[in-house]
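Read through the structure below, which is laid out as structure tokens, and then see the notes.
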Amino acid sequence: MSSITLNAAASANAARRGNVLGRRLLIAAAWLVFAVFLLLPLYVVLSEALKLGFGTFFDALLEPDAISALELTLLAVGISVPLNLVFGLAAAWCVSKYEFPGKSLLVTLIDLPFSVSPVIAGLIYVLLFGAQGLFGDWLSEHDIQIIFALPGIVLATIFVTLPFVARELIPLMQEQGTQEEEAARLLGANGWQMFWHVTLPNIKWGLIYGVVLCTARALGEFGAVSVVSGHIRGFTNTLPLHVEILYNEYNHVAAFSVASLLLVLALIILLLKQWSEARLSRLKSDAAEE
Amino acid sequence: MSIEIRNVSKHFGAFQALNDINLDIHSGELVALLGPSGCGKTTLLRIIAGLETPDSGNIAFHGEDVSGHDVRDRNVGFVFQHYALFRHMTVFDNVAFGLRMKPRRERPSEQIIADKVHELLAMVQLDWLADRYPEQLSGGQRQRIALARALAVEPKILLLDEPFGALDAKVRKELRRWLARLHEEINLTSVFVTHDQEEAMEVADRIVVMNKGVIEQIGAPGEVYEHPASDFVYHFLGDSNRLHLEGGHILFRPHEVLLSREAVAEYHGAEVRDIRPLGAITRVTLKVDGQNELIEAEVVKDHDTLVGLERGERLFIKPKASA
Chain A
12 MSSITLNAAA
22 SANAARRGNV
32 LGRRLLIAAA
42 WLVFAVFLLL
52 PLYVVLSEAL
62 KLGFGTFFDA
72 LLEPDAISAL
82 ELTLLAVGIS
92 VPLNLVFGLA
102 AAWCVSKYEF
112 PGKSLLVTLI
122 DLPFSVSPVI
132 AGLIYVLLFG
142 AQGLFGDWLS
152 EHDIQIIFAL
162 PGIVLATIFV
172 TLPFVARELI
182 PLMQEQGTQE
192 EEAARLLGAN
202 GWQMFWHVTL
212 PNIKWGLIYG
222 VVLCTARALG
232 EFGAVSVVSG
242 HIRGFTNTLP
252 LHVEILYNEY
262 NHVAAFSVAS
272 LLLVLALIIL
282 LLKQWSEARL
292 SRLKSDAAEE
Chain G
56 MSIEIRNVSK
66 HFGAFQALND
76 INLDIHSGEL
86 VALLGPSGCG
96 KTTLLRIIAG
106 LETPDSGNIA
116 FHGEDVSGHD
126 VRDRNVGFVF
136 QHYALFRHMT
146 VFDNVAFGLR
156 MKPRRERPSE
166 QIIADKVHEL
176 LAMVQLDWLA
186 DRYPEQLSGG
196 QRQRIALARA
206 LAVEPKILLL
216 DEPFGALDAK
226 VRKELRRWLA
236 RLHEEINLTS
246 VFVTHDQEEA
256 MEVADRIVVM
266 NKGVIEQIGA
276 PGEVYEHPAS
286 DFVYHFLGDS
296 NRLHLEGGHI
306 LFRPHEVLLS
316 REAVAEYHGA
326 EVRDIRPLGA
336 ITRVTLKVDG
346 QNELIEAEVV
356 KDHDTLVGLE
366 RGERLFIKPK
376 ASA
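Keeping their order, the protein sequence lines are chains A and G. For the first sequence, the positions run 12 to 301 when our numbering is used. For the second sequence, the positions run 56 to 378 when our numbering is used.
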């Protein structure tokens with residue numbers, strides 16, 4: 012009896028030793044990949060940016076073109092993210108609370124910006140709103156500039172970041188169902204009260220997570236914006252475009268300095284994402300218990 | 056407040072959920088909508104509440120046609136099978152919700168709301184849980200909170216959709232007796248949906264038996280049990296046995312049976328397949344000669360024929376109904 016127990020324990024131990032070895036190898040490999048592909052570039056960006064000291068670093072950031080690029084980027088993000096929030100919320104609401112023909116088609120189409128190359132997205136807008144484009148004549152008659160101006164940059168950013176909020180909310184709202192909303196209506200709440208007191212608190216963390224992802228993508232968007240912006244320094248250059256221009260001019264220190272600014276913004280967003288994700292997973296495990 | 060349902064029909068796609076339903080529910084009555092799943096009982100309840108719109112027909116509360124009224128203007132209390140408590144609110148806030156959502160002119164002060172909420176929580180005997188969240192409560196507690204929440208806005212009608220369906224057997228029995236007592240106290244016109252005939256018999260003043268979108272029978276529990284209007288009602292309201300005779304068959308309930316160890320005229324010979332003591336009664340499963348369908352007989356546990364009875368022995372049975 013005791014020898015059987017011992018044998019079993021020994022073989023379990025052997026299995027565990029094997030597991031431990033395999034586990035350590037896997038963890039080491041994961042860290043290695045992480046270090047080479049993520050940490051090393053980070054280090055290079057920062058070390059290149061600071062190669063000539065903090066003086067040149069800050070000069071590159073405080074240069075008028077850099078500041079106008081930062082302003083333009085924040086403006087484009089500030090317009091496109093709220094619009095996508097409203098759109099994502101509306102789309103998720105329709106999909107999860109109503110039955111209508113073409114619903115699955117709509118859900119598929121929401122994902123379109125993920126599968127279309129951003130460059131093509133930019134080109135679509137040039138073909139529509141450019142001087143030679145479909146609406147080009149009408150727009151120039153009315154003196155409206157979309158391509159090579161802020162509206163084009165905002166449109167391109169909206170297109171590329173459109174799915175984030177909706178994608179995050181649709182499964183969450185479908186899982187939660189409509190009963191709490193029905194209960195609220197039966198208790199006399201009007202549409203706005205129902206949304207504010209019942210729906211929004213239930214999807215809050217999913218919404219924040221979607222907005223954070225959307226913001227991250229909008230900040231860094233290069234391809235689509237590059238096509239529609241026209242690269243006019245001090246006017247239609249966003250931060251990623253500004254980095255590229257500086258780099259092409261062999262102004263490496265300035266390029267990496269501006270890049271590290273983007274990096275800091277990205278890290279802040281990453282922390283926000285981590286925080287909202289933790290709250291969201293708690294919410295989901297609660298829902299699963301129901 | 057009475058409810059009058061006139062010629063209500065509803066279909067979802069090709070599925071006919073309700074077919075020309077007519078039903079009067081009297082003021083202060085507790086009525087059960089009883090039927091198998093898919094019979095349309097929940098759809099009918101949701102139409103009364105205004106959560107679904109009928110394709111045709113109308114609903115009147117106390118003579119006033121409310122078909123065009125929005126859910127929030129109907130003033131009905133509704134209890135869901137899965138409680139539908141607001142998960143991010145405490146028990147107190149859940150119960151206070153309906154009062155706080157009232158238009159500013161009608162909204163009571165927070166002090167009055169607090170008094171009212173504590174009064175309701177005391178009524179459902181859960182005052183000590185006011186600060187908890189729904190996820191911290193058991194199923195039975197959640198359902199009582201859901202009931203308190205529905206009653207907070209002083210509805211004229213209370214609708215309950217399978218209110219005990221998600222609870223375990225013991226809690227379910229306690230809660231339905233408690234609901235029947237509560238209904239006697241507050242005397243609110245109530246309609247509840249169930250697929251459990253025992254529950255309907257125990258709680259309701261009247262039972263509406265439904266099947267495939269139509270009403271099969273309406274009547275007091277004793278009436279539908281003793282005088283079922285159709286084979287469907289007979290089968291649905293309790294276990295039934297079928298005994299084949301020359302030129303047809305008869306139906307009888309497990310307890311409507313006479314047993315004997317000796318062969319008697321008009322009794323049918325049978326082999327004992329199983330003996331199950333179930334507390335006050337004992338169930339004997341029998342295979343009657345010449346038919347494959349088994350018959351279940353239920354007799355009091357100290358019945359003479361049970362003494363020393365073993366599987367495989369012979370018994371003689373006779374349905375009481377054919378006496």
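Beta carbons: idealized from backbone N, C-alpha and C, even for Gly.
{"Item": "Contact check, residue 306 (chain G) vs residue 289 (chain G), beta carbons under 8 Å", "Value": "yes"}
{"Item": "Residues near residue 294 (chain G) in its chain [Cβ-Cβ closer than 6 Å; skip 5 each side]", "Value": "309"}
{"Item": "For residue 381 (chain G), three-class secondary structure by DSSP", "Value": "Only positions 56 to 378 of chain G appear in this structure, which leaves residue 381 (chain G) out of reach."}
{"Item": "Residue 136 (chain A) vs residue 87 (chain A) beta-carbon contact at 8 Å", "Value": "no"}
{"Item": "Under the three-state DSSP convention, the category residue 230 (chain G) falls into", "Value": "helix"}
{"Item": "Residue 202 (chain G) to residue 94 (chain A) span [Cα, whole Å]", "Value": "40 Å"}
{"Item": "Span separating the alpha-carbon of residue 368 (chain G) from that of residue 79 (chain G)", "Value": "53 Å"}
{"Item": "Beta carbon proximity, residue 197 (chain A) to chain G, threshold 8 Å", "Value": "yes"}
{"Item": "Beta-carbon proximity list for residue 145 (chain G), same chain, < 8 Å, skipping 5 on both sides", "Value": "185, 186, 187, 188"}
{"Item": "8 Å Cβ cutoff met for residue 372 (chain G) and residue 312 (chain G)", "Value": "yes"}
{"Item": "Inter-stretch contact (C-beta, 8 Å, three-pair minimum) for the region 107 to 126 of chain A and the region 198 to 207 of chain A", "Value": "no"}
{"Item": "Backbone CA spacing between residue 100 (chain A) and residue 177 (chain A) [nearest angstrom]", "Value": "6 Å"}
{"Item": "Contacts that residue 143 (chain G) makes with chain A (C-beta to C-beta distance below 8 Å)", "Value": "212, 213"}
{"Item": "Beta-carbon contacts of residue 356 (chain G) that lie in its chain and below 7 Å, excluding the five residues immediately before and after", "Value": "332, 335, 336, 337"}
{"Item": "Beta-carbon gap between residue 190 (chain A) and residue 137 (chain G) smaller than 8 Å", "Value": "yes"}
{"Item": "Neighbourhood of residue 268 (chain A) by C-beta, 7 Å cutoff - its chain only, sequence neighbours within 5 removed", "Value": "60, 68, 71, 72"}
{"Item": "Between the CA atoms of residue 213 (chain G) and residue 84 (chain G) - distance to the nearest angstrom", "Value": "10 Å"}
{"Item": "Boundaries of the beta strand (DSSP E) in which residue 374 (chain G) is found, first to last residue", "Value": "369 to 374"}
{"Item": "Proximity test, residue 162 (chain G) beta-carbon vs the ligand NAP heavy atom, cut-off 7 Å", "Value": "The ligand NAP is absent from the structure shown, which contains no ligand whatsoever."}
{"Item": "Close beta carbons around residue 103 (chain A), own chain, < 6 Å, minus the five adjacent residues each side", "Value": "177, 180, 181, 184"}
{"Item": "Closest Cα partner of residue 112 (chain G) within the set G:157, G:97, G:81, G:66", "Value": "G:66"}
{"Item": "Interface flag, residue 227 (chain A) vs chain G, CB-CB below 8 Å", "Value": "no"}
{"Item": "At least 3 beta-carbon pairs within less than 8 Å: the region 125 to 135 of chain G vs the region 95 to 108 of chain G", "Value": "yes"}
{"Item": "Limits of the unbroken alpha helix (DSSP H) element including residue 176 (chain G)", "Value": "165 to 178"}
{"Item": "Test item: CB-CB of residue 275 (chain G) and residue 261 (chain G) under 8 Å", "Value": "yes"}
{"Item": "As assigned by DSSP and simplified to three states, the class of residue 207 (chain G)", "Value": "helix"}
{"Item": "Beta-carbon proximity of residue 209 (chain A) to residue 90 (chain A), cut-off 8 Å", "Value": "no"}
{"Item": "Sequence ranges, alpha helix (DSSP H) only - wholly within the region 170 to 252 of chain A, length at least 4", "Value": "174 to 187, 190 to 197, 202 to 205, 211 to 231, 234 to 240"}
{"Item": "Residue 158 (chain A) in three-state terms, based on DSSP", "Value": "coil"}
{"Item": "Under 8 Å between C-beta atoms of residue 98 (chain A) and residue 132 (chain A)", "Value": "no"}
{"Item": "Short CB-CB distance (under 8 Å) between residue 219 (chain G) and chain A", "Value": "no"}
{"Item": "Residue 197 (chain G) at chain D interface by Cβ criterion, 8 Å", "Value": "Looking for chain D here will not work: the only protein chains present are A and G."}
{"Item": "Given residue 135 (chain G) as reference, the closest of A:227, A:194, A:241, A:173 once Cα atoms are compared", "Value": "A:194"}
{"Item": "Proximity test, Cβ basis, 8 Å: residue 293 (chain A) and chain G", "Value": "no"}
{"Item": "C-alpha gap between residue 215 (chain A) and residue 194 (chain G), whole angstroms", "Value": "26 Å"}
{"Item": "Pairwise C-alpha distance: residue 273 (chain A) and residue 251 (chain A)", "Value": "8 Å"}
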